[in-house]
Amino acid sequence: MSRDPQVSPKYGCQLTDAQRKVLADLRPDLAERLKLEERGGRKILLTREELTSIRDMARARMTQAASGMIRNSLRHLADAAERTLEDSQGIGAIPRGRRIYQFRVSLETPKRIIWRRFQTRSCSLDRLHAYIQTAMGWTNSHLHEFWISEEQYGDPMLLDVAEPFTGHDSLETKIEAIVPEDGSRFRFAYHYDFGDDWRHEVLFEGCLGAEAGQRYPICLEGEYACPPEDVGGVQSYERYLEALADRDHPEHRYFYDWRGRFDPNAFDAEATTKAMRRGLPAWR
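Just so we're aligned, residue 386 is where the sequence shown starts under this note's numbering, counting upward by one.
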C-alpha cells in the first residue's frame, strides 16, 4: 500500500540555483527534491527538522567554504532556512492577517491512499469543504459533513431533511475556531456522499506565515487520482480498477463504456491548485 512518505508537515523554502546546489552537497539525501535540473528560484518543501539541520549545517560549513561565492550561497541558504522556520512557528507568533493553514486530506482504499496537502488562508468550514472537493477531484454532487471532536458540522439547509439537523453550521464556523490555540496538529473527519460513503481523514498540520506574492489556496503535493463519482464506494472502486485493467474481465466493457479511460495514478499539483482557485462545480 502506498503512503505519503513524509507525514511531518512541510514548509516551502524559496531557494536559488546556487543555494540548491550547495544544499545538495550538504544533504545528498534531499537531491531528488531540489529540482537541480530546473533553472531559477524554486520553492522546496522541507520539514522543520530538515530546515533546522540545513540552517545549522550551512552555518557550520561557511568557515570551510572553498570560495567566497560558495560562502555567500551558504549564508543565504542558512538565512532562507531560518526565515522559513520563523514562518512555521505557532499561531500566536504569526499576525492574524498573515496566517496560512496547512492540511493533509487522505482517502484510504484497500490498495492505495489518495492524498493531498494544501494551504489556505482563514475561511469557513464550508469553504474548506470546497477546497477538499476540488483538491481531491470530486464534483460536489452529493451531501457532506465534518466530524470534529465527535461533533457534526455541516450546511443546515442541506442536512436538515430526514431528521432535524442539530450540529454546527459550517457556513458560520471558521477554521480558527476548530484548530488548537497552540497550533498543534490534530485530525478530524470529512464524510462525502452518504451512499458511496467516502470517509476522509483531515490532518491539520500547522499554521505558517503567508509568503509575499503567493496566492492561496495552493496544493503542494499529493498522490493518485480521485475515484469516479458514483462508482459505488471503496470496494466497488477496487473492482472497477481490476475490471478496467483486464480486457478479459467480464465487466471490462461495462465499466469502459460507463466512463472511458481512467488513470488511477494521475495527479498534477499545479492543475489541482487551479481547480481549487476556480471553485466548486455547480450543484447537480
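Every residue, glycine too, gets a C-beta built ideally from N, C-alpha and C.
Discussion item. Strictly by DSSP, which residues pair up with A574?
Written reply: W532 and E586
Worksheet item: So, are the CB atoms of P541 and F550 less than 7 Å apart?
Response: yes
Discussion item. Residues in the same chain with beta-carbon distance under 7 Å from I563, minus the five sequence neighbours each way, listed in chain order, please.
Written reply: I533
Worksheet item: Between the C-alpha atoms of L588 and G453, what's the straight-line distance to the nearest angstrom?
Response: 44 Å
Worksheet item: To which residues does DSSP link V546 through a beta bridge?
Response: Looking at the DSSP assignment, V546 forms no beta bridge with any residue, so it has no partner.
Worksheet item: Residue range of the alpha helix (DSSP H) that L470 falls in?
Response: G453 to D472
Discussion item. Cutting at 6 Å between CB atoms, please list the residues of its own chain near S491, excluding the five before and the five after it.
Written reply: I498, W500 and E586
Fill in: Three-way DSSP call (helix, strand, coil) for E417 in this model
helix
Discussion item. Do P649 and L665 count as a contact pair if the criterion is CB distance below 7 Å?
Written reply: no
Discussion item. Determine whether the beta carbon atoms of L419 and R405 lie at a separation below 7 Å.
Written reply: At the C-beta level, L419 and R405 come within 7 Å of one another.
Worksheet item: Cα separation between Y486 and Y639?
Response: 43 Å
Worksheet entry | Where the alpha helix (DSSP H) containing L513 begins and where it ends | Counting along the chain, the alpha helix (DSSP H) containing L513 begins and ends at L510 to M521.
Worksheet item: Would the beta-carbon of L513 fall within 7 Å of that of L528?
Response: no
Worksheet entry | Contacts around G552, its chain only, beta-carbon distance under 7 Å, and the 5 residues preceding and following it disregarded | E536, Q537, Y538 and G539
Fill in: Of the residues R412, T432 and R424, the one placed nearest S393, counting alpha carbons only
T432
Discussion item. Based on DSSP bridge pairs, tell me the residues matched to C611.
Written reply: Note: C611 sits in no beta bridge, so no partner.
Worksheet entry | Contacts around D582, its chain only, beta-carbon distance under 7 Å, and the 5 residues preceding and following it disregarded | Excluding five sequence positions before and after D582, the CB atoms of its chain that fall closer than 7 Å to its own CB belong to G618, given in chain order.
Practice prompt. Going by CA-CA distance only, name the one from R646, T469, Y601 and Y641 that's closest to Q504.
Written response: Y601
Worksheet item: Quick one: is T448 buried, meaning 16 or more other Cβ sit within 10 Å of its Cβ, or exposed?
Response: exposed
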